[in-house]
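Here's the structure, in structure tokens; my notes come after.
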Amino acid sequence: MNLKKHESISESVTLASVRATYAYEQYDKLMGITQYESIILYELFTHPRLSQKELVYRSGIPKQSISKGIHNLAELGYLEISSADQDKRVKYCALTESGLAYAREKEGEILAIEKKVIDKLGFDRAALACQILDEWSDLLSKEIANLKEEKQK
Numbered sequence: 013m014n015l016k017k018h019e020s021i022s023e024s025v026t027l028a029s030v031r032a033t034y035a036y037e038q039y040d041k042l043m044g045i046t047q048y049e050s051i052i053l054y055e056l057f058t059h060p061r062l063s064q065k066e067l068v069y070r071s072g073i074p075k076q077s078i079s080k081g082i083h084n085l086a087e088l089g090y091l092e093i094s095s096a097d098q099d100k101r102v103k104y105c106a107l108t109e110s111g112l113a114y115a116r117e118k119e120g121e122i123l124a125i126e127k128k129v130i131d132k133l134g135f136d137r138a139a140l141a142c143q144i145l146d147e148w149s150d151l152l153s154k155e156i157a158n159l160k161e162e163k164q165k
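Residue numbers (our numbering): 13 to 165.
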């Protein structure tokens, strides 16, 4: 195994991830919203109805932060929370009309920016980059969870 090659790839993906995270943080700051509110608005703008569990899974953000964001947005009248018919413990979220307008205002520009990036990369390259990054993130998370488990023994 060529350790230098592995280190170089690890460093590249780490720095790319940090730069992307920083770019999104700057966008959220510019829009005057928190990261978790941005994620909730973005996801519900692009998917009309999601459960809290789905929002947590899709974003990787802790349940407490997603819950706080959901309740903040609901209090402002931007979000409706409803229970599932089959299981009242499952809470679904959907944007209200004013929430849709708010999401369009806060997330519309980032969607347009992301479209420009996709167009510059080309759809196939952008899709492949997403697929690889998803796989990388999943494997990395799994390995870190394994390490955490080992250290707790």
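C-beta: ideal position from N, C-alpha, C; glycine also.
- K103: member of the beta strand (DSSP E) spanning K103 to L107, first to last residue.
- Beta-bridge pairing by DSSP links I125 to no other residue.
- Counting only the Cα atoms, I125 lies some 27 Å from G89.
- Under DSSP, no beta-bridge partner is assigned to E37.
- Between E109 and the set A139, I78, A35 and F57, the nearest pair of CA atoms involves F57.
- L62 is not a Cβ neighbour of K118, given a cutoff of 9 Å.
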